[in-house]
Amino acid sequence: MLAKRLGFRYLDTGAMYRAITWKAMQKGINLEDKDALCHIADQTKIEFQGRDENLDVFVDGVNVTKEIRLPSVTNNIHYISDTPGVRQRMVKLQRKFASEGNTVAEGRDMGTVVFPQAERKFFLDADVEERARRRYVEFEPANKKISYNDVIKDIETRDRRDTTRNNSPLVKGDDAIYINTTKLSIEEVFGIILKELEFIVKK
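When you read off a place in the sequence shown, starting at 1, and then add 12, the result is the number in this note's numbering.
Encoded structure:
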C-alpha cells in the first residue's frame, strides 16, 4: 500500500528468509547445518513480482507465495535467520535491491542493520494478543488445527529469539518513529506514516 502510493519498490525481507527456509525443508536439509544452509542460500534465486499486498514470491522460478506462509515454515524460520552466513548473504541482496531504486523495506533489522542511513524509519508494534489475532486470521483458513493460543506461544517464542540473538537482534533504532498499531486499522497506520512522509509525497 505504502510503496504503491509513493511509487517505490517494495521489499519484504521476511519473505526472503521464508523462501530459504521453504527450500531447505523441500531439500531435506538439516536445519542445524549452517554450512548447508549457506550453500542453499547461495544456490537459490529469489524474485518478487507485483507490489505491496499483491506481491508474489518466486523461488527458482516457482511461485511459493502461499507455501512460505505455512506454519511449518514459520516454526522453522529461526534456523535460517539465526545463521550469520545466511543473514550476510541476505543483507547483501537486500542492499542490492534497494540500490536499484527507491524502496520501502519491511523487516526486523531494516533500520538498524540493513539500511541504517534510511531517510525515514518506522518501528511498528502491537500487543502480542492483537498480533496473534491477526496471524490467526491468516492461518485459520489453511490450517484448522492451529489454535489462537498456539499462535500466541509461537509469537512470544519468536520475539524472544529475535530480541536476544547475537546477530542482528530485533531492536528499535533511536531514530525510528514508534507506532503502536494495536488499536489501529491498516488505513489508520497508513495515514500516520504517510503524514510523516509528506516531504516525499509533495515532491
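Just so you know, even glycine gets a beta-carbon here, dropped at the ideal spot from N, CA and C. Since the model is a prediction, treat every value here as computed from it, not as a measurement.
Simplified DSSP assignment, three categories, for residue i
i: residue 117; result: strand
i: residue 61; result: strand
i: residue 20; result: coil
i: residue 206; result: helix
i: residue 196; result: coil
i: residue 75; result: strand
Distance between beta carbons of residue j and residue i, contact taken as under 8 Å
i: residue 32; j: residue 98; result: 6 Å
i: residue 79; j: residue 70; result: With 8 Å as the limit, residue 79 and residue 70 do not qualify as a contact, their Cβ atoms being about 11 Å apart.
i: residue 106; j: residue 23; result: 6 Å
i: residue 201; j: residue 193; result: 5 Å
Cut-off 8 Å between Cβ atoms - residues of its own chain near residue i, not counting five sequence neighbours on either side
i: residue 198; result: 13
Rounded C-alpha distance that separates residue i from residue j
i: residue 173; j: residue 62; result: 31 Å
i: residue 40; j: residue 92; result: 14 Å
i: residue 50; j: residue 175; result: 22 Å
i: residue 34; j: residue 120; result: 19 Å
i: residue 210; j: residue 47; result: 45 Å
i: residue 185; j: residue 205; result: 17 Å
i: residue 42; j: residue 90; result: 13 Å
i: residue 108; j: residue 141; result: 36 Å
Cut-off 7 Å between Cβ atoms - residues of its own chain near residue i, not counting five sequence neighbours on either side
i: residue 208; result: 132, 189
Contacting residues, own chain, Cβ-Cβ under 6 Å from residue i (five flanking each side not counted)
i: residue 163; result: 144, 147, 148
At a cut of 8 Å, does the region 94 to 114 reach the region 160 to 170 through at least three beta carbon pairs? no
Would the region 83 to 91 count as touching the region 128 to 144 if we require 3 or more Cβ pairs under 8 Å? Not touching, per the Cβ criterion.
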